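Number of protein chains: 2
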Amino acid sequence: MKIAIDAMGGDYAPTEIVKGTVETAIAAPELELVLVGDKERIEKELGMFSTKPANISIFPSSEVIGMGDHPATAVRQKKDASVVVANRLVKEGKADAVVSAGSTGAAMAASLLLLGRVKGIKRPAIGTMIPTQKAPMLLLDAGANADVKPENLVQFAQMGSIYMEKVWQRKNPRVGLVNIGEEETKGNELVIAAHQALKKVTINFCGNIEGRDIPAGEVDVAVCDGFVGNIILKLLEGLAKSFGVMLKDAFTTSWRTKLGAALVLPGLRLFKQKLDPSEYGGAPLLGLKGVSIISHGSSNAKAIKNAIRVAKETIEADVVGKITERIREEKQCEE
Amino acid sequence: MKIAIDAMGGDYAPTEIVKGTVETAIAAPELELVLVGDKERIEKELGMFSTKPANISIFPSSEVIGMGDHPATAVRQKKDASVVVANRLVKEGKADAVVSAGSTGAAMAASLLLLGRVKGIKRPAIGTMIPTQKAPMLLLDAGANADVKPENLVQFAQMGSIYMEKVWQRKNPRVGLVNIGEEETKGNELVIAAHQALKKVTINFCGNIEGRDIPAGEVDVAVCDGFVGNIILKLLEGLAKSFGVMLKDAFTTSWRTKLGAALVLPGLRLFKQKLDPSEYGGAPLLGLKGVSIISHGSSNAKAIKNAIRVAKETIEADVVGKITERIREEKQCEE
């Protein structure tokens, strides 16, 4: 199994990307990892380790797409950009998956252009795992599509359901539609129509879920458009940070709370770890004819390790094949 | 100053509603508080207190709108429902504001029907104060309008700006548009159009804010449609609860963390208090020809006290007059 990694994408590229790749290569010798990017810089980073694992190779590329570039335009113009080349390796069958921590827009545009959509899928979606009080939950779309139609939400639900069943071993995954009330007449025009459509497909649709049901972990898959999903995701990220600051303030009011804070530190670390997005690794771009995993822009080595693991599991579970099959079946039923 | 309070609305009505009203009446003898609802039950609740404050009166009403009722229909049919009667008192000039903790839909429908909209305001909005790392922020619309147009968002921004300036003494309040990116080309069709329109009105528009900027408290007013706003609000409420559960789990892993937890307890209480929605009191329904304050369905006496305080401050600041003026001026500028 071969995984192409965009070595130049992300706030801490290439250092953390290379570090995460080396650590994975050592822990999983059965994987072949291809670092795509500036050969010299990657070699320099690899030189920091005592030995370069034999299952790491470099595929050189001369360009980089930055956060300032317009994603779709940059992907078309910079044909030798690391993220474009990494996706091309998958397209040409030279790799089984691509992992990128660069601009989400560029990673999406490159995968969409080079890998293409599964037949019948109208809009691919970004699925992101978010921490809950119970088990982590898949939120999708987390930002690929700001404006969608009810039928797009239905496909998000189907793809998310397959992903959670195959990769996260959730049996008969519970799917919830993010809404502002439990009743099926509640919500905006989009979700009212989507609710009716979701009742007709073969998934375990549990109805609407409200904002408060998300942290409670009431479902396995939370479906929404990319506008709402991205706001939820970033709000959760922001809150994890703000709560940390607010807790620190609250714990340093007196000598008593300060002493207590020192004692609860291991517990707090556990709590922070549970909220840390890098623990949950990369977000699959679902609906493409290939495995593309997007990692957070601020990915450290741990996040990259997790993203590579997600790529491996998505390949092993044949998520692309399962989505293709499901959409084909639905289409046949309609005919 | 006379404030009508729907004594029958809310999960803990009439007990907590009456309790909050009595406590306010004692603390603020200059207010006249009118409890609207089942006379016998209110009298029984009032009987629990050693003396009934002289500034509390009862206005009897025979019906109640429950959570199961369809808001608009119920408001039309149950003409003697407590929430309808309380709003009618404001309409007829017999009260200066109404406070209700019952079904938000019913409170909104009653206020819309009886008080009516300020001339030129197309859609009233619910403004809710949410806790942030810095000072509390006004989020609107928090759920009144699931589908809106760009011009509605502009009016929400104007009304929110006036409210924060007049009631919360924020000078030149910073207004942010809730979006999924900083750039003005980001977002769905609605917010892209709203962004351009917001640049043209006389408010302190600071551009887009992302989900992560909300808990950071980057602006005074966060503008969004009622679908997004309600999801944000309920997500925050749910998280405050879930974080409590997760923290408790993290703090009871060993004797050391348990001891520490006991010591940080006062700090934790402070933290919880900061997140507690009842601390921030009622949510004004902005854009109506009268002051209507909606309190959370799970309101306790403290929440009711805060909601009455918000009503008082909204009357004193003449928010309704200021909104009316601003909209008239904008209209004249256009002509």
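Here the protein sequences line up with chains A and B, keeping their order. If you read the first sequence in the working numbering, its first letter stands for residue 1, the second for the next number, and so on. If you read the second sequence in the working numbering, its first letter stands for residue 336, the second for the next number, and so on. By construction, the Cβ of each residue, glycine as well, lies at the ideal position given by its N, Cα and C atoms. Since the structure is predicted, the reported quantities are computational estimates derived from the model, not experimental observations.
- Residue nearest to glutamine 493 (chain B) within the set B:Gly622, B:Met581, B:Glu545 is B:Gly622 (criterion: CA-CA distance).
- Around the beta carbon of cysteine 224 (chain A), 16 or more other beta carbons sit within 10 angstroms, so the residue counts as buried.
- At a cut-off of 8 Å, the C-beta of methionine 246 (chain A) has a neighbouring C-beta in chain B.
- The alpha-carbon of leucine 571 (chain B) is positioned some 15 Å away from that of asparagine 230 (chain A).
- Taking a Cβ-Cβ threshold of 7 Å, the residues of chain A close to phenylalanine 586 (chain B) are Val264, Gly267, in chain order.
- For serine 438 (chain B), the number of other beta carbons within 10 angstroms of its own is at least 16, and it is reported as buried.
- Residues of the stretch 178-208 of chain A with a C-beta less than 7 Å from any C-beta of chain B: Val178, Ile180, Gly187, Asn188, Glu189, listed in chain order.
- By the 16-neighbour rule on beta-carbons within 10 angstroms, leucine 600 (chain B) is exposed.
- Residues Thr467, Gln468, Lys469, Ala470, Met472 of the same chain have their beta carbon placed closer than 7 Å to that of glycine 552 (chain B), with the five preceding and five following residues left out of the count.
- DSSP, reduced to helix, strand and coil, places lysine 640 (chain B) within a helical segment of the structure shown.
- DSSP, read as helix, strand or coil, puts methionine 402 (chain B) in coil.
- Spatial neighbours of alanine 25 (chain A) in its own chain (CB-CB distance under 6 Å, excluding positions within 5 residues in sequence) are listed in chain order as Leu33, Pro53, Asn55, Ile56.
- Neighbourhood of lysine 234 (chain A) in chain B, by CB distance below 9 Å: Ile515, Glu545, Gly546, Arg547, Asp548, Ile549, in chain order.
- Not a single CB atom of chain B sits nearer than 8 Å to the CB of alanine 135 (chain A).
- Between isoleucine 400 (chain B) and alanine 409 (chain B), the beta carbon gap of about 5 Å places them in contact (Cβ cut-off 8 Å).
- Residues of the same chain with a CB within less than 7 Å of the CB of tyrosine 498 (chain B), apart from the 5 flanking positions on each side, are Gly462, Leu473, Pro619, Leu621, Val654 in chain order.
- Under DSSP, proline 388 (chain B) shares a beta bridge with no residue.
- Positions of the alpha helix (DSSP H) runs, each at least 4 residues long and wholly inside the stretch 250-291 of chain A, are given as 255-275 in order along the chain.
- At a cut-off of 8 Å, the C-beta of arginine 256 (chain A) has a neighbouring C-beta in chain B.
- Aspartate 213 (chain A) carries a helical assignment under DSSP once its states are collapsed to helix, strand and coil.
- Taking the Cα positions, leucine 153 (chain A) is about 12 Å away from phenylalanine 205 (chain A).
- In this structure, the alpha-carbon of glutamate 665 (chain B) lies about 25 Å from that of glycine 478 (chain B).
- In the same chain as glutamate 380 (chain B), and ignoring 5 residues on each side of it, the C-beta atoms closer than 7 Å to its own belong to Pro349, Thr350, Val353, in chain order.
- Serine 435 (chain B) is bridged by DSSP to B:Ile629.
- If you look at arginine 123 (chain A), you'll find it isn't in any alpha helix (DSSP H); DSSP assigns it neither H nor E.
- Per DSSP, alanine 557 (chain B) is one residue of the beta strand (DSSP E) stretching across 556-558.
- Interface flag for glycine 403 (chain B) against chain A is unset, since no Cβ pair is found closer than 8 Å.
- By the neighbour-count definition (other C-beta atoms within 10 Å, threshold 16), threonine 649 (chain B) is a buried residue.
- Counting every other CB atom within 10 Å of its CB across the protein chains shown gives asparagine 172 (chain A) a total below 16, marking it as exposed.
- By the C-beta density criterion, glycine 9 (chain A) is buried, having at least 16 other C-beta atoms within 10 angstroms.
- Take isoleucine 515 (chain B), set aside five residues on each side of it, and the residues of its chain with a beta-carbon closer than 7 Å to its own are Lys521, Gly522, Glu545, in chain order.
- Ranked by Cα distance from glutamine 332 (chain A), the options A:Val219, A:Ser161, A:Lys119, A:Phe227 are led by A:Lys119.
- Close partners of alanine 481 (chain B) in chain A (Cβ separation under 7 Å): Ile180, Gly187, Asn188.
- If you look at isoleucine 340 (chain B), you'll find it in the beta strand (DSSP E) that goes 337-341.
- Just measuring C-alpha positions, the residue of A:Met1, A:Arg170, A:Pro124, A:Ser161 sitting nearest lysine 322 (chain A) is A:Ser161.
- Look at proline 60 (chain A) here: in three-state DSSP terms it is strand.
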